[in-house]
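Notes follow once the structure below has been shown.
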Amino acid sequence: MTDELGITKEDAPQSGPRRQKEGKSHKARNVLFAAATLLLVAAVVAGGYVVSLVHTFNSGTQKIATAFPEESTRPQKAPPVGGNAPLNILLLGSDSRGATETDAVNGSATDQRSDTLMLMHIPADRKNIYTISLMRDTWVPIPGHGEAKINAALAFGGVPMMVQTVEAFLKQRIDHVAMINFDGFEGLTNSLGGVNVNVTYPFTSSENPNLHFNAGPDTLSGQQALSFVRERYAFPDGDYQRVRNQQAFIKGLVAKTINANTLGNPVTISNMVGAISPYVAVDSGLDAATIAKLAFEMKDIRQQDMVMFTLPTRGTGTSTDGQSIVLTDPAEIGKVAKALSEDKLGDYVAANNFEKGN
């Protein structure tokens, strides 16, 4: 499960049991809500138990030594509105571990590329969570390196270069960064007793012909979840469907996490935090205390308040050097950037009927 991103096919684990019924989601109260995508979500209940779980999160997660580029290259910070400022959190998902992951975290050039890129936008009123998926093969300018696929920024200069590239692309300041290794999905999913998803496109794993995902509601085990979020070779539109599947998994993960049965079970919550923490790297400002404060501000968030969509593109094409790439849609990028700058992303979502994705 440590194949090179975007070059070789990923391992597909064996199938497990399936169930049809999903649990109802409830409001998360007094919860430490850590969204780190793909990952991406952990919750802790209030009381003395929090002390232990905060320590687990802070000590278990790796800290990104230098997460951001030089200040002179960055957009301005968003001004506070009613006491809070809107937040932009960059989520990077990958399969690589070991030296390549360490290089990326430390801001060094590496052979690692980010397999998944998402921008999580939390408006100043804290009433919604908007997550925008960026296609990893999107052809963009990378500062100092000409044009390339956006995920190559990580290889050119680690996390700081990725942040600088996304900031220049969307003209938005990134406030926090979380880097998640996909292997953490397995333990997190198992700690929850499986995650419910809606399979919109039936497929058979490209690596394991015995692993088939039928259309409709399904409950994924940890190994199934890894295959579900990694697969792209089985789809006519490749990475586009993989992104949809990743979004479906995260929605299911959030629904299971904020379920009352989960929040009321200290053992489950402890297992969740312990399972995901070793696979997450965050900037120094995104510690447990910061997440706890943010969780309190968003204590009335419900599952339907979380919106996920993919940044619109003009489809695929070929670069001058023969690479298969995703073509940007400058007009749509401008609309998204304007909506983000004005903290009115909800209006953009409503105007394009993206409430349930695209």
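Residue numbers 384 to 741, in our numbering, belong to the letters of the sequence shown in order.
Here a beta-carbon is modelled for each residue, glycine too, at the ideal position from N, C-alpha and C.
Query	Result
Roughly how many angstroms separate the alpha carbons of T572 and L603, rounded to a whole number?	8 Å
Determine the direct distance from the alpha carbon of G466 to that of R615, and round the result to whole angstroms.	43 Å
In whole angstroms, what separates the C-alpha of I563 from that of S497?	10 Å
What residues in its chain sit with their C-beta under 8 Å from that of E530, if we drop five residues either side in the sequence?	W522, V523, P524, S702
The alpha helix (DSSP H) with K676 in it runs from where to where?	671-680
By the 10 Å Cβ neighbour count, where 16 or more other Cβ atoms means buried, how is T548 classified, buried or exposed?	buried
Going by DSSP in three states, F611 sits in which element: helix, strand or coil?	helix
Which of the three DSSP states is assigned to A617 in this structure?	coil
What residues match up with L517 in a beta bridge as DSSP calls it?	L500
For the pair the stretch 692-701 and the stretch 504-523, tell me if three or more CB-CB distances fall below 8 Å.	yes
Measuring straight from C-alpha to C-alpha, what distance separates N644 and I652?	10 Å
What residue from K721, R457, H595 has the CA that sits closest to F611's CA?	H595
In angstroms with no decimal places, state the Cα-to-Cα distance between M503 and Y513.	6 Å
Below 8 Å on the Cβ atoms is my contact criterion, and I expect F632 with R625 to pass it. Report the Cβ-Cβ distance as a whole number of Å.	Between R625 and F632 the Cβ distance is about 11 Å, and since that is not below 8 Å, they are no contact.
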